[in-house]
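Notes to accompany the following structure.
Protein chains: 2
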Amino acid sequence: MIVVLTGGSGGAKLIEGLVAEIDPAELTIICNTGDDGVFHGLHVSPDIDTIIYTLAGLSDSDKGWGIKDDTFVALEQLQRLGNEAWFTLGDKDLATHITRTRLLREGRALSEITDHLRRMLGVRSTILPMSDQRIETRVTTPLGEMSFQEFFVKAGWAPAVCAVRFEGTDKCRPAPGVIDAIRHADAIVVCPSNPITSIVPILSVPDIRSALMATSATVVGVSPIVGATAISGPALKLMIASGFEPSALGVARCYADFLDTFLVANEDRGLIPALERLCIKAVASDIRMPDRAARRRMARELLALVRN
Amino acid sequence: MIVVLTGGSGGAKLIEGLVAEIDPAELTIICNTGDDGVFHGLHVSPDIDTIIYTLAGLSDSDKGWGIKDDTFVALEQLQRLGNEAWFTLGDKDLATHITRTRLLREGRALSEITDHLRRMLGVRSTILPMSDQRIETRVTTPLGEMSFQEFFVKAGWAPAVCAVRFEGTDKCRPAPGVIDAIRHADAIVVCPSNPITSIVPILSVPDIRSALMATSATVVGVSPIVGATAISGPALKLMIASGFEPSALGVARCYADFLDTFLVANEDRGLIPALERLCIKAVASDIRMPDRAARRRMARELLALVRN
């Protein structure tokens, strides 16, 4: 069993490669829920949905979120009825949020609901939210504190970032199956997701970081940063605000206490000695995954690393 | 001010005629909510919506419900996710239910929400739910008791009807504005809606029937029945189950204690003496309203009756 820690779009690319190389049923995916939000009274779990849609072959890989060829009829009408519509929700996508919200209100846990949704869409991999309790990533900016979606989507990640915190970690626990999956994994992959707002929220759930430190499985990470540039999104400014240097080395420091091996870009080969001083085995490679072939190649490379 | 008591599609035709003949702002519409239901966790008020959509020029007059040219992308996906989808909800229509449900959960009253929705869609008439509290029309059949929508839509109104009851009338009161509207109306129109499941639920709300009996306004009704045939829907079997003869005379008996004038079909001219024995002035006319011209003609006829 391979266990993956992931956020949304960056991780989805690697996961798409992995399920093309191994039996999808051999994969357990632990998903960030710190970016979850309530829009129009509906509970949206953007990262879980991106992963489900990717594995169901439904994802819009051009946009990196949502369902391909979706329509936006309900959202336009919501706007006409006076609702804010800066968070784009397609009509098919809405069906997911409507179903999730109904089941949550009926008292079902997010983990149960996630399992139901992925099964209904024919996904064979196990998908686990990091926690069934609500943890919210809050971003402090000069304009005030906001949710991650308000920062990322509404504000177009333009504001300066002063700090990032995770609300609710004191009252949450890992979702059922998360700790067992980490304990019994053959290998664990930390996806090239935004470290601060995709991976660190998972690590902020009590017992997850210590389970990663204790597991006998090899833990392999892939850098989401090449040189001083994030492959996508606001990773760099979030890292600086959180006290990490904006580089693959800074990412490695976030994971240093449990990471065995780290894949960095060929351009970052010069960081290998510094990574080794963190007791991390570093491998330089072409870590960009613009297409399906690159995603499969990256998956094969990772699998070779963990099988050695 | 003209006050209208109505259900969905039958009443909507007459209301469409009325707003073509008078200033729409001079119309207050009291709507049945006994058919309201929760689908996919969303609160649907079918009669209120039919009236709002009709007055906003959005209604699908071929179907008698929903929004014209609506799409059904979310509903198909809801079905794919394992949800029952016998109650058809379009994508634009869903925006109404999503907005209503969010506002209800935020503690807003159905009457406030209805007012918000009609204003956002540019509707100038006042639309009032009969009550802000939940009243549910329950239909007893040999297959068991069911909601009106389960009987009407899911079962295609095929089952025999043993009884009809209204759950919640003991704990409800008229929505703000309902009693005042009846008291101060210049005229009151009882639409040609299903008497048992559209008008009687309104009358079952405490104080509404007595306000109708006490008002000085002329109360005019239009029969939804021609001979022994309902113009549409299951009115006849519901009337029989409720102890009324299945005819315009039976409808008049439902309203006898407050009705001043009743429009019946020319074919039912023979019922006029019996109606007069109920102290109801009866007028025979062509009461079918297949098109816009017929709806305006019927509205003009009604207005002439109340102005005399």
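Each protein sequence line maps, in turn, to chains A and B.
For the first sequence, the numbering used here assigns the number 649 to the initial residue and increments by one for each residue that follows.
For the second sequence, the numbering used here assigns the number 649 to the initial residue and increments by one for each residue that follows.
The C-beta atom is built at its ideal place from N, Cα and C for all residues, glycine as well.
Chain-ordered chain A contacts of residue i [CB-CB under 9 Å]
i, result
"residue 649/B", "Correct list: empty, because the minimum Cβ distance to chain A is about 27 Å."
"residue 907/B", "None at all; the shortest Cβ gap to chain A is about 37 Å."
Three-state secondary structure (DSSP) of residue i
i, result
"residue 691/A", "strand"
"residue 771/A", "coil"
"residue 930/B", "strand"
"residue 754/A", "coil"
"residue 650/B", "strand"
"residue 841/A", "coil"
"residue 938/B", "coil"
Among the options, the one whose alpha carbon lies nearest that of residue i
i, options, result
"residue 939/A", "949/A, 661/A, 677/A", "661/A"
"residue 692/B", "743/B, 823/B, 858/B", "743/B"
"residue 767/A", "701/A, 667/A, 659/A", "701/A"
"residue 803/B", "881/B, 840/B, 658/B", "881/B"
"residue 924/B", "907/B, 913/B, 795/B, 936/B", "907/B"
"residue 681/B", "817/B, 930/B, 778/B, 937/B", "778/B"
"residue 694/B", "950/B, 801/B, 955/B", "801/B"
"residue 945/A", "655/A, 719/A, 664/A", "664/A"
"residue 794/B", "650/B, 813/B, 776/B, 781/B", "813/B"
"residue 876/B", "955/B, 913/B, 845/B, 841/B", "913/B"
"residue 848/B", "824/B, 864/B, 886/B, 862/B", "886/B"
"residue 656/B", "796/B, 696/B, 837/B, 818/B", "696/B"
"residue 820/A", "956/A, 725/A, 758/A", "758/A"
"residue 673/B", "901/B, 763/B, 850/B, 738/B", "763/B"
"residue 723/B", "738/A, 833/A, 829/A, 870/A", "738/A"
Cross-chain neighbours of residue i in chain B, by beta carbon under 7 Å
i, result
"residue 689/A", "746, 749, 750, 753"
Residue i: contacting residues in chain B (beta-carbon distance under 8 Å)
i, result
"residue 765/A", "729"
- Query: In the stretch 851-923 of chain A, which residue ranges form an unbroken alpha helix (DSSP H) of at least 4 residues, counting only runs that do not cross its ends?
  - Reply: As far as the stretch 851-923 of chain A is concerned, its whole alpha helix (DSSP H) runs of at least 4 residues are 856-862, 883-889, 896-903.
- Message: Residues of the stretch 726-742 of chain B in Cβ contact with chain A at a cutoff of 7 Å, in chain order, please.
- Response: With the criterion set as a beta carbon lying under 7 Å from some beta carbon of chain A, the members of the stretch 726-742 of chain B are 726, 728, 729, 730, 731, 739, 740, 742, in sequence order.
- Message: Any C-beta of chain B within less than 7 Å: which residues of the stretch 769-786 of chain A qualify?
- Response: Residues of the stretch 769-786 of chain A with a C-beta atom less than 7 Å from some C-beta of chain B do not occur.
- Output, in sequence order along the chain, the residues in the stretch 700-721 of chain A whose CB is closer than 7 Å to any CB in chain B. Correct list: 719, 721.
- At which residue ranges does the stretch 668-737 of chain B contain complete alpha helix (DSSP H) runs of 4 or more residues, listed in the order of the chain? If we require 4 residues or more, the alpha helix (DSSP H) runs fully inside the stretch 668-737 of chain B come out as 694-703, 721-728.
- Query: What are the start and end residues of each continuous beta strand (DSSP E) run of 3 or more residues lying completely inside the stretch 782-836 of chain A, in chain order?
  - Reply: Runs found: 784-789, 792-795, 811-815.
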